[in-house]
Amino acid sequence: MKVTTVPVKTYITKSKIPGAGYVINPYVGCPHQCLYCYAEFMRKFTGHTEPWGEFLDIKMSQSILHPAQLFHQHVLLSSVTDAYNPFEQKYQITRRILRQLVDCQAYVSILTKSSLVVRDADLLRRLPGCEVTFSLATADESVRKCIEPGASSVPERLKALETLHKAGIPTAVMAAPLLPGISDFRAIVRAALPYTRTFRFDSLNMRATFQHKLMDFVELHYPQLLALYNQIYLQGDTSYWTQLAEQIRAYGAQQGVCVEIFFGRKSSFSFAKTPDAKPNPAVSPAGEPQLF
Ligand code: SF4
166 MKVTTVPVKT YITKSKIPGA GYVINPYVGC PHQCLYCYAE FMRKFTGHTE
216 PWGEFLDIKM SQSILHPAQL FHQHVLLSSV TDAYNPFEQK YQITRRILRQ
266 LVDCQAYVSI LTKSSLVVRD ADLLRRLPGC EVTFSLATAD ESVRKCIEPG
316 ASSVPERLKA LETLHKAGIP TAVMAAPLLP GISDFRAIVR AALPYTRTFR
366 FDSLNMRATF QHKLMDFVEL HYPQLLALYN QIYLQGDTSY WTQLAEQIRA
416 YGAQQGVCVE IFFGRKSSFS FAKTPDAKPN PAVSPAGEPQ LF
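First residue of the sequence shown? That's 166 in the numbering used here, and the numbers climb one at a time after it.
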C-alpha cells in the first residue's frame, strides 16, 4: 500500500447527491478493496497508476473552507472513499473534520463499512443531526472476505451498529450492492434489525472497471449463477430486480421496518434529527428516474 500525504485547500465539495448538499472525502483511494468498487474512476482524476486499492492519499488541510456556509447544511462523509478506512485510526483526518463540523453545527451523514466510526460517538452526539449508515452487501462473513477484504467483518459492523444505537446515535443499514443470487436481503435485515429500523437497498450496477473481477468471483464460487448474471447484465432483463423489490417490500412490511429501494436511481441520504433540528427538505430524490 502506497500512502502519501497531499496538501489540499479544502475538504469540502458541493454535491449533486440527493439529500447531501456537500460531500467530504478525506482520502483519495480506499484500502477496503471492494470487488465492486465504483470509485476506481478517481485514479484517472488523480494521476495514480497503481491498482485501485493499493494507494491512499491522505488529504491535509488546516480547515474546511467557509465553515459559516455549513451551518445546518447537509454533509455526506463520504462518496468515493471510506472515511473510516484502517489508516484513519492513525491519521485521524475524519475525526478532525468532524470536530469542525460540530463547530459548524452541520447535519452529517456517514456511510461506512468500518467499525472504527464508534470511536467518534462523542462528536456525533454533539451534531444537530446525524445518521451513521453501515453498508452491508452480505451478512455472510465468508462472502464478505471475498468481496470486501479490507473492510470490517460483518460481526464487527453489526457490533458497531449496536454500540452506536445504544449510544443514541441514529443508524441505518444500506444493503448494497445486492449481488444477484448471492446477497440474502432477509439475512441482512435479520442481523441488523435489533439496532436499526431503517434499511435501504440498492442493486449491483455492473461497471466495466470491475466487471472482470466480479464475474471471475461469480464463476469461481457460484458457477450456477452465470446464466442469471448474463440474463441481467448482458440481456438487460430487469425482471429480477422488479421481483426482488416486491419481496423486499413485503418482508419489510412483515418486519415493520422502514424500507427504501434505490434500484435504478441514485441513492439519497436522509438525516435523522435530534428534536431541535430542522427538517431536511432535500431528502426526496425528486427528478430521479424511479424504476421501482
Ligand atoms: S468502501 Fe466504498 S470506496 Fe472503499 S473500496 Fe469499498 S466501495 Fe470502494
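Beta carbons: idealized from backbone N, C-alpha and C, even for Gly.
Top-ranked residue by Cα proximity to K167, from K181, D349, T175, G194: G194
Distance cut-off 7 angstroms: C311 Cβ against heavy atoms of the ligand SF4: no
T336 versus S307 - alpha carbon distance: 25 angstroms
Supposed contact pair V240 and Y192 - C-beta distance, whole angstroms, cut 8 angstroms: Actually they do not touch by this definition, with Cβ atoms about 16 angstroms apart.
C-alpha distance - G401 paired with R291, whole-angstrom precision: 46 angstroms
Whole runs of the alpha helix (DSSP H) within the region 190-214, excluding any shorter than 4 residues: 207-211
Bridge partners - Y272, DSSP secondary structure assignment: H239, G294
Meets three-Cβ-pair contact criterion under 8 angstroms: the region 410-430 and the region 351-368: yes
Backbone secondary structure at A337 - three-state DSSP: strand
Assigned secondary structure, D247 (DSSP; H/G/I helix, E/B strand, else coil): coil
Reduced DSSP secondary structure (H/G/I, E/B, other) of D349: coil
Spatial distance of I275 from T298 (CA atoms): 6 angstroms
Close beta carbons around I229, own chain, < 8 angstroms, minus the five adjacent residues each side: T175, Y176, I177, I189, L235, I262, Q265, L266, C269
Cβ-based neighbour list, T246, same chain, cut-off 6 angstroms, excluding 5 preceding and 5 following: N190, Y192, C195
Cα-Cα separation, V171 to L221: 10 angstroms
Inter-residue spacing [alpha-carbon to alpha-carbon] between H237 and L288: 16 angstroms
Assigned secondary structure, T178 (DSSP; H/G/I helix, E/B strand, else coil): strand
K278 Cβ short of 7 angstroms to the ligand SF4 heavy atom set: yes
Length of the line joining the Cα atoms of V273 and E327: 19 angstroms
Residue of K331, Y360, F252 minimising C-alpha distance to A286: K331
Residues of its chain near F382, where Cβ-Cβ distance is below 8 angstroms and the 5 sequence neighbours each way are ignored: L200, C311, I312
Buried versus exposed, by CB contacts within 10 Å (16 or more), R372: exposed
Those residues which DSSP pairs with I223 across a bridge: T170, Y192
Sequence-distant residues of its chain with Cβ nearer than 6 angstroms to H198 (five each side left out): Residue identity check: residue 198 is Gln in the sequence provided, not His. Here the set comprises G218, P314, G315.
T214 versus Q412 - alpha carbon distance: 43 angstroms
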